[in-house]
Amino acid sequence: LLSSTTLFLIPTLYAFMDPQLFYHGIVSIFTTLISWNHWRDYQNKSFARSLDLFFSKLSFVIYFITGSAFFLSKPSFLFLAVPSTYFMLQSYKYSINMYKIDDPKWVYAHMMFHAFVAYTQFLVLFCGKNYVFGTVSATSIIKKEVGLLVSFLIVKNYYYTNYHTISSLSLI
68 LLSSTTLFLI PTLYAFMDPQ LFYHGIVSIF TTLISWNHWR DYQNKSFARS LDLFFSKLSF
128 VIYFITGSAF FLSKPSFLFL AVPSTYFMLQ SYKYSINMYK IDDPKWVYAH MMFHAFVAYT
188 QFLVLFCGKN YVFGTVSATS IIKKEVGLLV SFLIVKNYYY TNYHTISSLS LI
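Residue numbers 68 to 239, in my numbering, belong to the letters of the sequence shown in order.
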């Protein structure tokens, strides 16, 4: 999983190429380093795992919120971002289910999760480069709100049906 965590460097480097996305780059580099530290010596109950769980959730929230705003500049990208977010969550769920039954192939499902995370982050950053506050039409705002609603419902439904509370989430 160290190799699939390395995929996080693609959106990280892309973020550092634009001063507007500098903070995303900082969040992404910390997420990558913390994840590397966790996966280099995997232990189910460790400080490294707890830190990885916390920071990955924080990163998800930051990218989800800012991505929702950034898609104002390219609302058509919601057709890529919403399915990508859905498949990211599903591959995560699948890797957890496989891990729970001791299927050694859980690692491949978790690698897919990492790939979807990197891809979705890249989409957010790509739209963030084109985001200019105050130059958005009413049509774009309506599309954004519909996209936010659809994204929210997908995430809410996923977490409710699989975990019942957000506080009980855990990343592998």
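The beta carbon of each residue, even a glycine, is placed where N, CA and C say it ideally should be.
Treat the numbers as computed from the prediction; the structure is a model and nothing was measured.
Here's the rule: buried if 16 or more other CB atoms are within 10 angstroms of the residue's CB, otherwise exposed. What is Y130?
Taking the first residue of the sequence shown as position 1, residue 130 is located at position 63. Buried.
By Cβ distance, which residues of its chain are closer than 7 Å to F183, with the 5 residues on each side in sequence left out?
For the purposes of this step, residue 183 is taken as the residue at position 116 of the sequence shown. So the qualifying residues of the chain are S151, F154, M155, S158.
Pick from D119, L125, C194 that is closest to S102, judged by C-alpha positions
Position 35 of the sequence shown, counting from 1, holds the residue named residue 102. Residue D119 is the option with its Cα nearest to S102.
Under 8 Å Cβ to Cβ from T72, same chain only, skipping five residues before and after it: list those, please.
Numbered from 1 along the sequence shown, position 5 holds the residue referred to as residue 72. These residues qualify, in order along the chain: T99, S102, W103, W106, H181.
If you follow the alpha helix (DSSP H) that M84 is in, where does it begin and where does it stop?
For the purposes of this step, residue 84 is taken as the residue at position 17 of the sequence shown. Unbroken run through M84: none, as it is neither H nor E.
Leaving out five residues on either side along the sequence, give the residues of the same chain with a beta carbon under 7 Å from the beta carbon of N197.
Locating residue 197 in the sequence shown gives position 130, counting from the first residue. The beta carbon of N197 is closer than 7 Å to those of S140, K141 in its chain, skipping five residues each way along the sequence.
Can you tell me which of the three DSSP states K124 falls into?
Numbered from its first residue, the sequence shown carries residue 124 at position 57. It is helical.
Under a Cβ-count criterion, where at least 16 other Cβ atoms within 10 Å of its own Cβ denotes burial, should Q110 be classed as buried or exposed?
Counted from its first residue, the sequence shown places residue 110 at position 43. By the neighbour-count rule (16 or more Cβ atoms within 10 Å), Q110 is not buried but exposed.
Exposed or buried, Q188, counting other C-beta atoms within 10 Å across all chains shown (16 or more means buried)?
Along the sequence shown, one-based indexing puts residue 188 at 121. Flag for Q188 reads buried.
Considering just the uninterrupted stretch of the alpha helix (DSSP H) at G164, what are its terminal residues?
Translated into positions along the sequence shown, residue 164 becomes position 97. It should be pointed out that residue 164 corresponds to Asn in this sequence rather than to Gly. First-last of the alpha helix (DSSP H) with N164: 145–167.
Among G92, A148, M178, S162, which one has its Cα closest to the Cα of C194?
In the sequence shown, the residue the question calls residue 194 occupies position 127. Among G92, A148, M178, S162, the Cα nearest to that of C194 belongs to A148.
Check whether the Cβ of Y153 lies closer than 7 Å to any heavy atom of the ligand NAP, and answer yes or no.
The model on display carries no ligand, and the ligand NAP is accordingly not part of it.
Unbroken alpha helix (DSSP H) run spanning Y175, endpoints
Here the question's residue 175 lines up with position 108 in the sequence shown. Unbroken alpha helix (DSSP H) run through Y175: 173–196.
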